[in-house]
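Presented below is the structure to which this report refers.
Residue numbers (the working numbering), protein chains in the order written: chain A, 1 to 289; chain B, 1001 to 1350.
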């Protein structure tokens, strides 16, 4: 194996893993505040399609990412209103968001399947994905706001008693998660594979959710987890390209089976999960109680 | 002001799905208006004209059959707050197991073939459902993620089979299997209509589930564990057994639904055997309030969104994905309106 090939593979791993980092870190912030949003896949799809359509219509990359992130804020805002103000079941609401996002994205993108665009170089985003992880880590463990956010996720009643607005903090965390998911989606449709195709995020949103568990809710570990997943995915594609005699479907399964194996390894230590997971995750906050 | 009710409201439990449907229709008209269609005509095309013939009603039942069967299976899980969202994978595995028997005996015509296929379908779905149950009870893994990952694995296995070992040798290398023999097909209930014996199987299993939910100790345990895990623990209910049973039953039902699709309207195995029935059934289960009768009505309503979406694409050139938008909306409104069951709204300050 030549040096060029190895560098080439490393480059592809970096490019392919970046959306997982964006979506994973966004969901991590949401979950740290005590809210589980299963709508990641749906928000990524809507983010991908709005970015793509905006780019085709206006030709402006800036507008494409701007509108896409706006779509993430609207989608996650919808979720936030339901779970925070109407106290709906977070798991079911997240699923509804994903189903809604699948429908909305295929409807918006119907006319644009196969439209060619000039892709944008991914490297700025790759660098940004590392920066944002360290920014979030700094925010959580070195700033007062970060501490408050974590407190809301651990015990919303205590945070409320101390005078912090649980609803406002959760609302903002959900919106941040939504905009990061939309960014991940727009990166996929504009940088990673410059095109639009129905369901093109291909389950990455769900892998991002698994990443948060894998990371035991610690920002830097999202990065590590994402690169393990990204690495496995790209390596299996390369082995396949080298002509290993093995049905391709079994390679394609690999990332999903790897996710299950990793979840088993991480979760089997019940104490660790219990200590790491935000204690108020999925529990609605109701002032009158 | 929102005030917690001391007891959840039964009246609201009944009205909430109706409120959700009405709000969805209103939102739907606004969407149609924005797309530049006469909303009345569009809603008529979407919700009335698809079922204005006996053929249409039969198609509605064809679509509602798998949705209702999977949803009643999901009720076993959801009642106990077990979030199995991998029914699509369990459906696929059922189709593979049952369909595999159908392919093996493709030139056999015997009365035992269809029952054997249904049985194999149930086994396939149940086995696939028991994997997340095993991982949850043994390794404490989150069943939402594992059951969902297994959907992708099942779809790739099906893909591998129909382009590889199970490909029809006379099929001009299309990715599809041999056709099942006549006795491996679900009998049609009426001449010239596609509604098939799977409907009877589904109604029977819904009745059995109603009996289990309301008349047996197991149903009672599920309900108690769902309402109060602590009470269930004090009462000594074995949560591990409940998780295995719920996943096993749900998987078996989804597997039968998958088999009834491939041996009903389709007649062979190929890649796209299900238009997301396994995921859509989650909406049916919630819309039906996890109650057998509710699920029957909900399955008809959601099946109508499939038919309506097809007609809307045909007659109004609206992409059929609009059906998913309606499905997402109805679930949003339903979950939002559920507030009214456990809380009441007043304008007095407390």
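Virtual Cβ for every residue (Gly too), placed ideally from N, Cα, C.
Given residue 1341 of chain B as reference, the closest of B:1035, B:1009 and B:1104 once Cα atoms are compared: Selection B:1035, B:1009 and B:1104 evaluated against residue 1341 of chain B yields B:1009 as nearest (Cα-Cα).
Three-state class that DSSP yields for residue 274 of chain A in the structure shown: Helix at residue 274 of chain A.
C-alpha distance - residue 276 of chain A paired with residue 173 of chain A, whole-angstrom precision: Spanning the two alpha carbons is a distance of roughly 18 Å.
Helix, strand or coil at residue 10 of chain A according to DSSP, with G and I counted as helix: The answer is helix: DSSP assigns residue 10 of chain A an H, G or I state.
Close-in-space but distant-in-sequence residues of the same chain around residue 25 of chain A (CB under 7 Å, 5 per side omitted): The residues 132, 133, 136, 180, 219 and 222, in chain order, have a CB closer than 7 Å to that of residue 25 of chain A in the same chain once the five nearest residues on each side in sequence are set aside.
Which of helix, strand or coil DSSP assigns to residue 164 of chain A: Coil, per DSSP.
Three CB pairs or more closer than 8 Å across the region 1278-1295 of chain B and the region 69-78 of chain A: No: fewer than three Cβ pairs fall under 8 Å.
Sub-9 Å separation of residue 1052 of chain B and residue 1193 of chain B beta-carbons: Contact flag unset, no.
Neighbour flag for residue 1321 of chain B against chain A, beta carbons, 9 Å: Interface residue, yes.
Contact set for residue 1012 of chain B: own chain, Cβ-Cβ below 7 Å, skip 5 residues either direction: Excluding positions up to five away in sequence, the list reads 1340 and 1341.
Run of the alpha helix (DSSP H) containing residue 1344 of chain B, from where it starts to where it stops: It is not in any alpha helix (DSSP H) - residue 1344 of chain B instead sits in the beta strand (DSSP E) that spans 1343-1345.
Residue 1030 of chain B: contacting residues in chain A (beta-carbon distance under 9 Å): Neighbours of residue 1030 of chain B on chain A: none; closest Cβ ~14 Å, over 9 Å.
Inter-residue CB distance, residue 1334 of chain B and residue 1244 of chain B (contact presumed, cutoff 8 Å): Wrong, their Cβ atoms sit about 29 Å apart, outside the cutoff.
Coil, strand or helix - residue 289 of chain A by DSSP: Its pLDDT being 49, under 50, residue 289 of chain A is placed unreliably by the model, and the measurement read from it follows with that caveat. In this structure, DSSP gives residue 289 of chain A a state outside helix and strand, which the three-state scheme calls coil.
Start-end ranges of the alpha helix (DSSP H) lying completely within the region 1004-1065 of chain B, minimum 4 residues: List check, alpha helix (DSSP H) in window: 1010-1034 and 1039-1043.
Beta-carbon proximity check, residue 122 of chain A vs residue 15 of chain A, cutoff 9 Å: Annotated as proximal: residue 122 of chain A and residue 15 of chain A, with beta-carbon spacing under 9 Å.
Beta-bridge partners of residue 1002 of chain B, as assigned by DSSP: In the DSSP output, where bridge partners are listed per residue, residue 1002 of chain B has B:1345.
Whole-number beta carbon distance between residue 1329 of chain B and residue 1027 of chain B, since they are thought to touch under 8 Å: Under the criterion of beta carbons closer than 8 Å, residue 1027 of chain B and residue 1329 of chain B qualify as touching, at roughly 6 Å.
DSSP three-state assignment for residue 1106 of chain B, whether helix, strand or coil: Residue 1106 of chain B: coil per DSSP, three-state reduction.
Of the residues B:1084, B:1224 and B:1248, the one placed nearest residue 1121 of chain B, counting alpha carbons only: For residue 1121 of chain B, the closest alpha carbon among the candidates B:1084, B:1224 and B:1248 is that of B:1248.
Buried versus exposed call for residue 317 of chain A [16 or more other C-beta atoms within 10 Å across all chains shown]: Any property of residue 317 of chain A remains undetermined from this structure, which presents chain A solely from 1 to 289.
N- and C-terminal bounds of the alpha helix (DSSP H) containing residue 1292 of chain B: The continuous alpha helix (DSSP H) containing residue 1292 of chain B extends over residues 1292-1316.
Pair within 9 Å by beta-carbon distance, residue 1198 of chain B and residue 1066 of chain B: The Cβ atoms of residue 1198 of chain B and residue 1066 of chain B lie closer than 9 Å to each other.
At least three beta-carbon pairs within less than 8 Å, the region 1030-1047 of chain B to the region 1305-1325 of chain B: When C-beta atoms of the region 1030-1047 of chain B are compared with those of the region 1305-1325 of chain B, three or more pairs fall below 8 Å, so the two segments count as touching.
Chain-ordered chain B contacts of residue 213 of chain A [CB-CB under 8 Å]: Within 8 Å Cβ-Cβ: 1142 and 1145.
Under 7 Å by beta carbon: chain B residues contacting residue 263 of chain A: Chain order gives the chain B residues near residue 263 of chain A as 1141, 1142, 1145 and 1146, where near means a beta carbon separation below 7 Å.
Listed by chain order, chain B residues near residue 50 of chain A by CB distance under 7 Å: Neighbours of residue 50 of chain A in chain B, taken as residues at a C-beta separation under 7 Å, are lacking, since the least C-beta distance is about 15 Å.
Range of the contiguous alpha helix (DSSP H) that encloses residue 1167 of chain B: First-last for residue 1167 of chain B: undefined, no H or E at that position.
Spatially closest choice to residue 258 of chain A from A:239, A:230 and A:271, by CA coordinates: Comparing Cα-Cα distances from residue 258 of chain A to each of A:239, A:230 and A:271, the minimum goes to A:230.
Sufficient close CB pairs (3 or more, under 8 Å) joining the region 1139-1151 of chain B to the region 1085-1093 of chain B: Proximity of the region 1139-1151 of chain B to the region 1085-1093 of chain B meets the contact definition, three or more beta-carbon pairs being nearer than 8 Å.
Rounded straight-line distance, which links the Cα of residue 1025 of chain B to that of residue 1041 of chain B: Here the alpha carbon of residue 1041 of chain B sits roughly 13 Å from the alpha carbon of residue 1025 of chain B.
Under 8 Å from the C-beta of residue 206 of chain A: neighbouring residues of chain E: Absent from the structure is chain E; the protein chains it does hold are A and B.
Proximal residues of chain A, C-beta to C-beta of residue 1153 of chain B below 7 Å: Neighbours of residue 1153 of chain B on chain A, chain order: 253, 256 and 257.
Cross-chain neighbours of residue 286 of chain A in chain B, by beta carbon under 9 Å: Taking the beta carbon of residue 286 of chain A as reference, the chain B residues within 9 Å of it are 1002, 1004 and 1343, listed in sequence order.
Closer than 8 Å: residue 1064 of chain B CB and nearest the ligand ZN heavy atom: For the ligand ZN, the structure offers nothing, since it holds no ligand at all.
Alpha helix (DSSP H) segments (min. 4 residues) lying fully within the region 162-209 of chain A: DSSP runs (the alpha helix (DSSP H)) wholly in the region 162-209 of chain A: 166-187.
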